[in-house]
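Residue numbers (the working numbering), protein chains in the order written: chain A, 76 to 652; chain B, 84 to 210. Backbone N, C-alpha and C define an ideal beta-carbon position, used for all residues, glycine too. Note that the structure is predicted; figures quoted are calculated from it, not measured. To keep things clear, I will list the structure first and then write my remarks on it.
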Amino acid sequence: MNASVFFLALRRMRAPLIVLIVIYALSTLGLTLIPGIDAAGQPAPPMSFFHAFYFVSYTASTIGFGELPGAFSEAQRMWVTVVIFLSVIGWSYSIISLLALVQDRGFQQVLLTARFIRRIGQLGEPFYILCGCGETGLLIARALDHDGIRVVTIERSEARIQELELEDFAADILALCADAAQPQHLLMAGLKHRSCRGVLAITDDDAANLAVAIASRLINPRLMIVARVASPSIEANMMSFGTHYVVNHFEKFADYLAQAIHSPNWYRLVDLLTGLPGQKVSERHDPPAGDWVICGYGRFGQAVVRNLERQGMSLTVIDPDPNLSSSVHHIVGQGTEAEPLRRAGIETAVGIVAGSDHDTNNLSIAMTAKELNPDLFVVLRQNRMANQVLFDAYDADFTMVPSKIVARECLALITSPLLSRFFGLLRCWPDARAAALAGQLEALCGRRVPLVWGVKLNAAEAPAVHQWLMMEQKPMTLGRLRHDPAARAETLPLMPLLLLRDGRDHEQPADEMLLQPGDQLLFAGTRTAKLAQNLVLDNRNVLDYVLTGQDAQGWLWRLLSRSDPAGGVDMRGRRMR
Amino acid sequence: MNLEKVVFGFFIVLAATLNFGFFIGDIDQPKHHHIYELFAAIVVNLVATVLKFGDRTQIGAVHLSTSLVADLQLVAAACVWGIAAHVTGEGMSPEVTISVVSLSGGALFANIVSVILLIAETVMLRR
Chain A
76 MNASVFFLAL
86 RRMRAPLIVL
96 IVIYALSTLG
106 LTLIPGIDAA
116 GQPAPPMSFF
126 HAFYFVSYTA
136 STIGFGELPG
146 AFSEAQRMWV
156 TVVIFLSVIG
166 WSYSIISLLA
176 LVQDRGFQQV
186 LLTARFIRRI
196 GQLGEPFYIL
206 CGCGETGLLI
216 ARALDHDGIR
226 VVTIERSEAR
236 IQELELEDFA
246 ADILALCADA
256 AQPQHLLMAG
266 LKHRSCRGVL
276 AITDDDAANL
286 AVAIASRLIN
296 PRLMIVARVA
306 SPSIEANMMS
316 FGTHYVVNHF
326 EKFADYLAQA
336 IHSPNWYRLV
346 DLLTGLPGQK
356 VSERHDPPAG
366 DWVICGYGRF
376 GQAVVRNLER
386 QGMSLTVIDP
396 DPNLSSSVHH
406 IVGQGTEAEP
416 LRRAGIETAV
426 GIVAGSDHDT
436 NNLSIAMTAK
446 ELNPDLFVVL
456 RQNRMANQVL
466 FDAYDADFTM
476 VPSKIVAREC
486 LALITSPLLS
496 RFFGLLRCWP
506 DARAAALAGQ
516 LEALCGRRVP
526 LVWGVKLNAA
536 EAPAVHQWLM
546 MEQKPMTLGR
556 LRHDPAARAE
566 TLPLMPLLLL
576 RDGRDHEQPA
586 DEMLLQPGDQ
596 LLFAGTRTAK
606 LAQNLVLDNR
616 NVLDYVLTGQ
626 DAQGWLWRLL
636 SRSDPAGGVD
646 MRGRRMR
Chain B
84 MNLEKVVFGF
94 FIVLAATLNF
104 GFFIGDIDQP
114 KHHHIYELFA
124 AIVVNLVATV
134 LKFGDRTQIG
144 AVHLSTSLVA
154 DLQLVAAACV
164 WGIAAHVTGE
174 GMSPEVTISV
184 VSLSGGALFA
194 NIVSVILLIA
204 ETVMLRR
């Protein structure tokens with residue numbers, strides 16, 4: 076790619092270079108033809124090629140040593156005047172062309188792309204390709220950066236890229252300004268790179284996401300692919316060729332809403348585990364069961380109706396389109412006016428979903444409805460992050476922000492793949508068990524959203540523990556992973572949620588459970604607890620301390636104490652005797 | 084007809100003909116090898132080289148490399164001439180003439196390769 080920059084520059088410099096060559100040639104030729112004059116004032120033969128070239132070289136570059144090797148004749152001086160002007164024009168033209176080339180957008184784009192590709196090639200740590208860096212992408216990029224995971228992003232809008240550069244990231248985010256739907260751009264972003272771990276297709280265009288998912292699946296099947304979709308048909312299409320995770324934020328939110336009505340504590344627990352770590356736990360709003368009014372029957376409205384119907388709610392839809400092909404009770408009109416809301420039975424309803432694709436309308440619906448029935452439970456759909464201030468001011472019971480939902484889902488999938496497995500198991504839990512776990516988690520992290528992470532007991536992720544279990548065949552209980560490596564009597568603020576062994580799930584494993592190499596564990600806790608636990612997993616000396624309570628001896632010390640048991644300096648050796 | 088191709092072909096052939104004109108004659112006879120012809124050959128060769136810049140095809144790359152070889156040989160010939168005429172004061176003795184002309188002979192060979200490439204390119208073009 077660097078070669079192409081070079082060739083592009085050469086190509087654009089062709090005309091100025093030829094002009095320069097011609098000017099030099101003409102000037103030199105002229106000087107070799109015009110007769111000179113010697114010291115005595117007699118006509119002398121013209122300059123030789125060597126002298127002429129020497130003179131032109133220093134005159135054209137405006138160094139000007141004077142008339143060398145001897146004083147010039149009048150005819151020569153006349154020609155030299157022409158030479159000076161010609162060469163100034165030639166050089167100015169060349170320099171202006173070069174500057175124009177450097178300023179040229181296309182050329183800069185080529186340079187940037189070349190640099191991007193070079194830096195991708197040098198990436199040694201695992202990274203994810205983020206296609207589309209809008210509101211959602213930015214949320215994900217920030218969170219991943221916070222977790223120390225590198226992100227490479229492809230974004231079409233240049234303004235977005237510039238915003239990205241102004242963000243305060245710990246590691247540089249490599250950004251390419253291009254259309255992610257084109258496979259060659261994905262390749263540039265390192266789709267075939269050995270450190271690439273996955274592709275997140277989260278542009279706001281379903282077709283582009285589909286293209287990214289297919290390209291990634293074909294070119295590098297080993298990658299994890301997460302795609303965002305809004306339309307059910309494209310979702311089915313993606314699942315058909317093996318996209319690992321498809322995030323449909325409408326469906327997801329509707330499902331959560333339905334689950335929250337059915338089992339409030341289940342929702343509370345999911346909300347805790349998928350929240351952005353470190354944030355304050357949001358206040359509880361449990362949606363009531365009863366009659367619901369849904370304004371807007373687009374993709375979101377349909378998803379809500381489908382999911383709430385499954386929970387046996389009685390629903391009324393308000394939509395301006397008179398020909399809805401739906402079995403639900405339907406009122407034609409705008410939810411922003413009082414009359415259709417009344418006809419839909421807003422006075423007796425328990426909740427309203429303002430789910431049109433227009434933020435102002437949604438707020439208007441919510442306010443009108445609340446005036447008619449102050450006890451309503453209000454669910455608002457927020458389409459644009461820019462309107463956050465308005466939605467904060469209104470403070471609905473539930474606000475559905477697509478970008479946040481997608482970001483949360485993607486992060487959970489990347490940082491702890493076990494979590495979605497855990498959620499699957501969670502659906503079968505009774506409400507009381509979920510309530511108990513949620514309460515424990517809240518108490519553990521001081522009413523802040525806990526961090527959720529997975530640990531695999533293998534040589535790469537937990538070398539110390541793996542060595543202990545595998546090489547030395549010694550037993551170790553799960554509870555040991557909860558001890559503080561600074562003071563082993565203390566317990567770290569973290570708890571195990573799931574242990575996966577040989578395809579079998581152990582939910583909320585007990586501390587007494589013996590660990591085995593290859594176990595996969597899911598923990599929740601604070602960020603500091605995670606760091607402390609990492610130390611235990613990685614560092615053999617720390618592990619020894621946690622297990623035995625004794626500080627480990629260094630290799631040299633051990634050797635000395637063994638080979639020289641009577642050594643006077645060996646304090647430990649003496650004590651052992 | 085493509086004007087760019089005309090200019091391109093013109094300079095490549097002119098570089099070869101000028102080079103040939105300088106090269107032809109008894110190898111040790113300064114009279115047979117005029118210095119202005121060498122000068123013209125160098126200038127036209129340089130222009131031909133620049134014209135070949137920026138072509139990323141395989142044949143374009145070979146074109147550029149043959150041209151660079153010719154430039155190198157001709158500049159070397161000019162340097163030998165300059166040193167003999169001005170630095171050592173030996174002048175155009177038969178030995179110097181032989182080395183200048185043989186260097187330009189090398190350049191001539193590179194230029195002939197260029198011309199062959201040009202012909203090959205034209206023959207391959209089926210339009």
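Problem - Test: B:L134 CB closer than 9 Å to a CB of chain A - result: Yes, contact with chain A.
Exercise for the section: State yes or no: is the C-beta of A:S167 nearer than 8 Å to some heavy atom of the ligand MN? Expected result: As far as ligands go, the structure on display features none, and thus does not contain the ligand MN.
Practice task
Determine the burial state of A:Q117: buried for a count of at least 16 other Cβ atoms within 10 Å of its Cβ, exposed for fewer.
Solution key: Counting the other CB atoms within 10 Å of its CB gives A:Q117 a total below 16, which places it among the exposed residues.
Problem - Contact check, A:R89 vs B:G137, beta carbons under 9 Å - result: Against a cut-off of 9 Å, the Cβ pair of B:G137 and A:R89 comes out as a contact.
Exercise for the section: State the Cα-Cα distance for the pair A:P258 and A:L251, rounded to the nearest angstrom. Expected result: Across the structure, A:P258 and A:L251 are spaced so that their CA atoms are roughly 13 Å apart.
Handout entry: Nonlocal neighbours in the same chain, by C-beta distance under 7 Å from B:F106, ignoring five residues either side
Key = Excluding residues within five positions, the ones whose Cβ falls inside 7 Å are V184, S187, G188, L191.
Handout entry: Under 9 Å between C-beta atoms of A:V163 and A:V131
Key = Result no, Cβ atoms of A:V163 and A:V131 do not sit closer than 9 Å.
Handout entry: A:F82 at chain B interface by Cβ criterion, 9 Å
Key = Under the 9 Å criterion on CB atoms, A:F82 is classed as interfacial with respect to chain B.
Exercise for the section: Flag this pair as yes or no: are the beta carbons of A:R496 and A:L573 separated by less than 9 Å? Expected result: Yes. Within cutoff.
Practice task
Measure the C-alpha to C-alpha separation of A:F128 and A:A253 and round it to an integer number of angstroms.
Solution key: Approximately 49 Å between the Cα atoms of the pair.
Handout entry: Where A:L173 sits in the DSSP three-state scheme
Key = When DSSP states are grouped into helix, strand and coil, A:L173 belongs to the helix group.
Problem - For A:E230, the first and last residue of its enclosing beta strand (DSSP E) - result: Segment 225 to 230, the beta strand (DSSP E) holding A:E230.
Problem - Unbroken stretches of the beta strand (DSSP E), 3 residues or longer, contained in the region 190 to 220 of chain A - result: List check, beta strand (DSSP E) in window: 202 to 206.
Handout entry: Three-way DSSP call (helix, strand, coil) for A:K355 in this model
Key = The answer is strand: DSSP assigns A:K355 an E or B state.
Practice task
Tell me whether A:F598 is buried or exposed, calling it buried when 16 or more other Cβ atoms sit within 10 Å of its Cβ.
Solution key: The residue in question, A:F598, is buried, as its Cβ has 16 or more Cβ neighbours within 10 Å.
Problem - For A:F81 and A:A189, the rounded distance between their alpha carbons - result: Rounded to whole angstroms, A:A189 to A:F81 spans 11 Å at the Cα level.
Practice task
State the Cα-Cα distance for the pair B:A98 and A:L106, rounded to the nearest angstrom.
Solution key: Rounded to whole angstroms, B:A98 to A:L106 spans 23 Å at the Cα level.
Handout entry: Residue nearest to B:L208 in terms of C-alpha spacing, selected from B:L129, B:I142, B:T132
Key = For the residues B:L129, B:I142, B:T132, the minimum Cα distance to B:L208 belongs to B:I142.
Exercise for the section: Starting from A:N323, follow the alpha helix (DSSP H) in both directions and report where the run begins and ends. Expected result: Boundaries for A:N323: no alpha helix (DSSP H) harbours it, while the beta strand (DSSP E) harbouring it runs 320 to 323, taken from the DSSP string.
Practice task
Indicate whether at least one CB of chain B lies closer than 9 Å to the CB of A:T103.
Solution key: It does; some Cβ of chain B falls within 9 Å.
Exercise for the section: Measuring alpha carbon to alpha carbon, tell me which of A:R615, A:W632, A:E547 ends up nearest A:G624. Expected result: Ranking A:R615, A:W632, A:E547 by Cα distance to A:G624 puts A:R615 first.
Handout entry: Cα-Cα separation, A:Q457 to A:G209
Key = If you draw a straight line from the Cα of A:Q457 to the Cα of A:G209, it is about 15 Å long.
Handout entry: Cross-chain neighbours of B:G108 in chain A, by beta carbon under 8 Å
Key = Identification of chain A residues near B:G108 by a Cβ-Cβ cut-off of 8 Å yields none; the smallest Cβ-Cβ distance measures about 19 Å.
Handout entry: Extent of the continuous alpha helix (DSSP H) run through B:V133
Key = The continuous alpha helix (DSSP H) containing B:V133 extends over residues 118 to 134.
Handout entry: CB contact flag (B:F94, B:V145, <9 Å)
Key = Not in contact: B:F94 and B:V145 (Cβ atoms no closer than 9 Å).
Practice task
Step through the CB atoms of chain A and report whether any lies within less than 9 Å of the CB of B:G174.
Solution key: At a cut-off of 9 Å between beta-carbon atoms, B:G174 makes no contact with chain A.
Problem - Beta-carbon contacts of A:L622 that lie in its chain and below 8 Å, excluding the five residues immediately before and after - result: For A:L622, where only same-chain residues beyond five positions count, the Cβ hits under 8 Å are W543, M551, R555.
Problem - Simplified DSSP assignment, three categories, for A:A276 - result: It is a strand residue.
Exercise for the section: Could you list the residues in the region 189 to 209 of chain B with a C-beta less than 9 Å from some C-beta on chain C, going in chain order? Expected result: Of the protein chains in the structure, A and B, none is chain C.
Exercise for the section: May I have the straight-line CA-CA distance separating A:N323 from A:A461, to the nearest angstrom? Expected result: In this structure, the straight-line span from the alpha carbon of A:N323 to that of A:A461 is close to 21 Å.
Exercise for the section: Taking 9 Å as the cut-off, decide whether the C-beta atoms of A:Q595 and A:G529 are in contact. Expected result: Yes, the Cβ-Cβ distance between A:Q595 and A:G529 is below 9 Å.
Problem - Per-residue DSSP class, three states only, for B:P177 - result: The three-state reading of DSSP puts B:P177 in helix, counting H, G and I together.
Practice task
Leaving out five residues on either side along the sequence, give the residues of the same chain with a beta carbon under 7 Å from the beta carbon of A:R576.
Solution key: When the five nearest sequence neighbours on each side are left out, the beta carbons in the same chain lying within less than 7 Å of the beta carbon of A:R576 are those of Q591, D594, in order along the chain.
Practice task
Rounded to whole angstroms, what's the CA-CA distance from A:G521 to A:R343? Just pull it up for me.
Solution key: Answer to the nearest angstrom: the Cα atoms are 16 Å apart.
Exercise for the section: Consult DSSP for A:E142 and reduce its assignment to one of helix, strand or coil. Expected result: If DSSP states are grouped into helix, strand and coil, A:E142 belongs with coil.
Practice task
Can you say whether B:K211 is buried or exposed, counting buried as having 16 or more other CB atoms within 10 angstroms of its CB?
Solution key: Chain B is shown from 84 up to 210; residue 211 of chain B falls before or after that span and cannot be answered.
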